[in-house]
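Enquirer:
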Amino acid sequence: MDDWRSGASLGTLKLRAKILAITRAFFADRGILEVETAALSRSAATDVHLDSISAFFQPTSNSQRFYLQTSPELQMKRLLAMGIGPIYQICKAFRGDPPTPRHNPEFTVLEWYRPSFCLTQLMEEVEDFVKATVGCSEVPKHSYLEVFESVVGLNPHKCSLEELKKVAHTRLDVSSTQLRFSEYLDLLMIELIEPSLPEYCFLYDYPECQAAMAAIENDSHGNQIARRFELYCKGIEIANGYFELTDPIEQRKRLELDNIERSKKGLPEMPIDEKFLAALSTGMPKGSGVALGIDRLLMIIGELEDIDSALTFSIDRV
1 MDDWRSGASL GTLKLRAKIL AITRAFFADR GILEVETAAL SRSAATDVHL DSISAFFQPT
61 SNSQRFYLQT SPELQMKRLL AMGIGPIYQI CKAFRGDPPT PRHNPEFTVL EWYRPSFCLT
121 QLMEEVEDFV KATVGCSEVP KHSYLEVFES VVGLNPHKCS LEELKKVAHT RLDVSSTQLR
181 FSEYLDLLMI ELIEPSLPEY CFLYDYPECQ AAMAAIENDS HGNQIARRFE LYCKGIEIAN
241 GYFELTDPIE QRKRLELDNI ERSKKGLPEM PIDEKFLAAL STGMPKGSGV ALGIDRLLMI
301 IGELEDIDSA LTFSIDRV
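Counting in our numbering, the sequence shown runs from 1 upward without gaps.
Listed below in structure tokens is the structure:
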């Protein structure tokens, strides 16, 4: 049996160390503070697409349920509300989705926040980071509307569910007819749009229904859009950024709606992070933040086909 060995070669492990060193130097040069937050929390991600991994802690006779965090986002935002300024973190995150060539339930994420930055400023900084690590040239930026209209032929901000369904069932082999609007958007994005994207590119200004924790605004065409972006590198979605929602009332509403959707799908409702909402109520500065997958970045730089080859010990080796 060779499963005691690391999935990553010694060369890949050295490359990972180099990437982490470059990352820390990049943020040190910009005066961005490195922080650490807890991996465990009494609350969990409410997003219907995220599967939190629970952990039981029993210091006394009463067992308490905690959750391994899917992202350090909410605790980092609590620090932002304290006035800490620009911050970044490199840490482990956990999501209970089955392992695939691009996903391991335990993974390394780089997350950073820039108070006062608009979305464009953060995209430019992410581009600088990718140039420093991957070594690519300029990364083009395309709106979600631009690529969706070009490939699918519909305005994703104004089309109907029936129009999306018709395109999906005409151009793809879709078995279910019960998908939600957002699910059809994702299906068409994955199957039709992503294969046509340039080697490196940003997509920005997503449909309102995919806002998650991003602010919603009107664009120059009168469309209501979510102020967020994703970065694609060689066909892999590697980063996800927001111009952050700071309204505690709207944020609570979204978290509660998430739990309603979870209930409809037969998924457990998740405990909402009241400490995070209290921090928003105190006042979190407007700004932008982004999460970037370090393991996927390593796959791109090292030209690796499977995330197991980017990790010391993936889920199949522990």
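All C-beta atoms in this analysis are idealised placements derived from N, C-alpha and C, irrespective of residue type, glycine included.
Which residues mark the beginning and the end of the beta strand (DSSP E) in which residue 108 is found?
Expert: From DSSP, the beta strand (DSSP E) with residue 108 extends over 106 to 115.
Enquirer: Report the three-state DSSP secondary structure of residue 259 (helix, strand or coil).
Expert: Residue state, collapsed to three classes: helix.
Enquirer: Tell me whether residue 248 sits in a helix, a strand or coil according to DSSP, three-state version.
Expert: In the structure shown, residue 248 sits in a helix (DSSP, three-state: H, G or I).
Enquirer: State the start and end residues of the unbroken alpha helix (DSSP H) segment that holds residue 182.
Expert: Its alpha helix (DSSP H) spans residues 181 to 188.
Enquirer: Of the choices 138, 299, 163, whose alpha-carbon is the least far from that of residue 149?
Expert: It is 163 whose Cα lies nearest to the Cα of residue 149.
Enquirer: Would you list the one or two residues that DSSP bridges to residue 142?
Expert: Bridge partners of residue 142: 203.
Enquirer: Among residues of its own chain, excluding the 5 on either side of residue 48, which ones have a beta-carbon nearer than 8 Å to its beta-carbon?
Expert: So the qualifying residues of the chain are 258, 261, 262, 265, 267.
Enquirer: I'd like the span of the alpha helix (DSSP H) that includes residue 280, first residue to last.
Expert: Segment 274 to 283, the alpha helix (DSSP H) holding residue 280.
Enquirer: Alpha carbon to alpha carbon, what distance is there between residue 13 and residue 4?
Expert: Those two C-alpha atoms are separated by around 16 Å.
Enquirer: Kindly indicate which three-state DSSP category residue 89 falls into: helix, strand or coil?
Expert: The answer is strand: DSSP assigns residue 89 an E or B state.
Enquirer: Which residue comes first and which comes last in the alpha helix (DSSP H) that contains residue 27?
Expert: 10 to 29 is the extent of the alpha helix (DSSP H) around residue 27.
Enquirer: Compare the beta carbon distance of residue 16 and residue 298 with 9 Å and say whether it is the shorter of the two.
Expert: Yes. Within cutoff.
Enquirer: Alpha carbon to alpha carbon, what distance is there between residue 208 and residue 146?
Expert: Distance between the alpha carbons of residue 146 and residue 208 is about 15 Å.
Enquirer: Do residue 125 and residue 76 have their CB atoms nearer than 9 Å?
Expert: No, they are not a contact pair.
Enquirer: In angstroms with no decimal places, state the Cα-to-Cα distance between residue 222 and residue 115.
Expert: Cα to Cα, residue 222 sits roughly 27 Å from residue 115.
Enquirer: Taking residue 65 as part of the beta strand (DSSP E), name the residues at either end of that continuous run.
Expert: Note, residue 65: beta strand (DSSP E), 64 to 68.
Enquirer: Using alpha carbons as the reference points, say which of 26, 60, 122, 94 lies closest to residue 230.
Expert: Here the closest residue by C-alpha is 122.
Enquirer: With distance defined between alpha-carbon atoms, name the residue in 6, 136, 80, 46 nearest to residue 289.
Expert: Nearest of 6, 136, 80, 46 to residue 289, Cα basis: 80.
Enquirer: With a threshold of 8 Å on Cβ separation, who are the neighbours of residue 282 within its own chain once the five nearest residues in sequence on each side are excluded?
Expert: Within the same chain, residue 282 has close Cβ partners 81.
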